[in-house]
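*Asks:* First the structure, which I've put down as structure tokens, then a few questions once you've had a look.
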Amino acid sequence: MEAHRIKRRQIPASYFGVVLGVAGLGQAWRSAVQLWHLPSAIGEALLAMAGLIWAALIIGYVWQSIRNFEAAKAEFLHPVQGGTPALIAVSTLLIAIAMIPYSMALAWLLTIGGIAWNIGFALWHTGTLWQGGRNSEDMLPTLYLPTVAGNLTTAAALGALGSADWGWIFLGAGFFSWLALESLVIHRLWHSTSIPAPQRPLIGIQFAPPVVCAMAWLALSPGSTDHWLLMLWGYGLFQLLLGLRLGLWLGVQPFIPAYWAYTFGVAAATVSGLKLAQAGIHSAQVLAVPVFVGANVFIGYLVIRTVHLLITSKDTPQRATGGQR
445 MEAHRIKRRQ IPASYFGVVL GVAGLGQAWR SAVQLWHLPS AIGEALLAMA GLIWAALIIG
505 YVWQSIRNFE AAKAEFLHPV QGGTPALIAV STLLIAIAMI PYSMALAWLL TIGGIAWNIG
565 FALWHTGTLW QGGRNSEDML PTLYLPTVAG NLTTAAALGA LGSADWGWIF LGAGFFSWLA
625 LESLVIHRLW HSTSIPAPQR PLIGIQFAPP VVCAMAWLAL SPGSTDHWLL MLWGYGLFQL
685 LLGLRLGLWL GVQPFIPAYW AYTFGVAAAT VSGLKLAQAG IHSAQVLAVP VFVGANVFIG
745 YLVIRTVHLL ITSKDTPQRA TGGQR
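Following our numbering, the numbering of the sequence shown begins with 445 at its first residue and continues without gaps.
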């Protein structure tokens, strides 16, 4: 029984996806304040909540890794979940962006830490992939996290901090990594063997790269109306609609925190749309309202379900972590 309780206290790296959703929605509210003059307190409260969640997860994850190194090592080496530790860097960089209005020094400190983890982990993870021996059935969207999500979020953070020349370097690394991986992931989704139900929430990561790329681009070039931005945003919106079309199939798994994988794409699509609308793009001005409302409803729903799960769940460790096999 004691061993069971210890297992249930394990914090998988995928839990950092909660920070991505809450922080992304907070950034969306910051943009909405500028566009529609909404109350700024809501966005700042969301970002403060994201910061508290991030701090709690960082402390818990580091502590459990020290106490049970073998469990942490097993997660890093897992064929599917092995990419999720990249979320530590992504969440740290989003908190850094949130801190900019309050402390540039702390924002830079968090950014440097996030970049260091991003580069180190991405090189290690990608190096293991290049050595081969991987099962094609494990080519799930978690592959995007180290080289795509990490580099694109680094670009966004550097752009927000005024270092666009460095940011474009990371955007290039993330963009071309996405193009290289997309066909592999799509091929797996079309595979004769369907994605197991416990892993389907991870498909939400598939919707993120184009809109995260657009969000990073807008951070590097504020006010840009380049057609490439609309193309990226359009592809991302199409992917989100595809997610709605597959809602029943994707949601067959009982609720687990892994469903937060959808929120980074949802939040990034919202932020990009609001910034494009603010730049005067008519299509973005039309679509910004339903996308913004939909993001608030969806992420709010996940918050409620997650809190309910934390309070009442008596499920096994596998359900609590999600996606493991």
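The C-beta atom is built at its ideal place from N, Cα and C for all residues, glycine as well. Keep in mind the model is a prediction, meaning the values are calculated, not measured.
Give, in chain order, every unbroken run of the alpha helix (DSSP H) that is at least 4 residues long and sits entirely within the stretch 596 to 634.
*Replies:* Whole alpha helix (DSSP H) segments, 4+ residues: 608 to 633.
*Asks:* Measuring CB to CB, does Ala594 end up less than 9 Å from Ala660?
*Replies:* Numbered from its first residue, the sequence shown carries residue 594 at position 150. Numbered from its first residue, the sequence shown carries residue 660 at position 216. Just to set this straight, residue 594 is Gly in the shown sequence, not Ala. It is not a contact, given that the beta carbons lie outside the stated cut-off.
*Asks:* Does the distance from the CB of Gln697 to the CB of Pro645 come in under 9 Å?
*Replies:* Counting from 1 along the sequence shown, the entry for residue 697 is found at position 253. Counting from 1 along the sequence shown, the entry for residue 645 is found at position 201. Result yes, Cβ atoms of Gln697 and Pro645 sit closer than 9 Å.
*Asks:* Could you please give the first and the last residue of the uninterrupted alpha helix (DSSP H) stretch that includes Gly744?
*Replies:* By one-based count along the sequence shown, residue 744 stands at place 300. Here the alpha helix (DSSP H) through Gly744 covers His726 to Thr756.
*Asks:* Among Gly691, Phe619, Thr750 and Leu584, which has the Cα closest to the Cα of His631?
*Replies:* As a working note, residue 631 is residue 187 in the sequence shown. It is Leu584 whose Cα lies nearest to the Cα of His631.
*Asks:* Once you ignore the five residues that flank Leu491 on each side, which residues in its own chain have a CB closer than 7 Å to its CB?
*Replies:* In the sequence shown, residue 491 corresponds to position 47, counting from 1. These residues qualify, in order along the chain: Ala467, Gly470 and Ala542.
*Asks:* With distances taken Cα to Cα, identify the nearest neighbour of Val592 among Phe619, Gln508, Met493 and Ile725.
*Replies:* Counting from 1 along the sequence shown, the entry for residue 592 is found at position 148. The shortest C-alpha separation from Val592 is found at Phe619.
*Asks:* Assuming Thr707 and Leu464 form a contact by the criterion Cβ under 8 Å, report the distance between their Cβ atoms to the nearest whole angstrom.
*Replies:* Your numbering for residue 707 matches position 263 in the sequence shown. Your numbering for residue 464 matches position 20 in the sequence shown. About 6 Å; that satisfies the 8 Å criterion.
*Asks:* Would the beta-carbon of Ala732 fall within 9 Å of that of Leu753?
*Replies:* In the sequence shown, the residue the question calls residue 732 occupies position 288. In the sequence shown, the residue the question calls residue 753 occupies position 309. Not closer than 9 Å, so no.
*Asks:* In terms of residue numbering, what span does the alpha helix (DSSP H) encompassing Trp498 cover?
*Replies:* Position 54 of the sequence shown, counted from the first residue, corresponds to residue 498. Run containing Trp498: Ser484 to Arg511, per the alpha helix (DSSP H) assignment.
*Asks:* Here's the rule I'm using: 16 or more other beta-carbon atoms within 10 Å means buried, otherwise exposed. How should Phe513 be labelled?
*Replies:* Along the sequence shown, read from residue 1 onward, the residue named residue 513 stands at position 69. Result: exposed.
*Asks:* Just to confirm, is the Cβ distance from Phe736 to Ala476 under 9 Å?
*Replies:* Here residue 736 refers to the residue found at position 292 of the sequence shown. Here residue 476 refers to the residue found at position 32 of the sequence shown. A contact, by the Cβ cut-off of 9 Å.
*Asks:* If you drop the 5 nearest sequence neighbours on each side, which residues of the same chain put their C-beta closer than 6 Å to that of Thr597?
*Replies:* Working through the sequence shown from its first residue, we reach residue 597 at position 153. Same-chain partners within the cutoff: Val534 and Leu537.
*Asks:* Nearest-angstrom Cα distance between Thr570 and Leu587?
*Replies:* Taking the sequence shown and counting its residues from 1, the one referred to as residue 570 is at position 126. Taking the sequence shown and counting its residues from 1, the one referred to as residue 587 is at position 143. Using only the alpha carbons, I get a separation of about 9 Å.
*Asks:* Give me the residue from Ile743, Gly678 and Phe565 with the minimum Cα distance to Ala494.
*Replies:* Counting from one through the sequence shown, the residue named residue 494 turns up at place 50. For Ala494, the nearest C-alpha among the options comes from Ile743.
*Asks:* Between the Cα of Asp582 and the Cα atoms of Ala711, Pro590 and Leu633, which residue gives the shortest distance?
*Replies:* The residue you call residue 582 lines up with position 138 of the sequence shown. The candidate whose alpha carbon is nearest that of Asp582 is Leu633.
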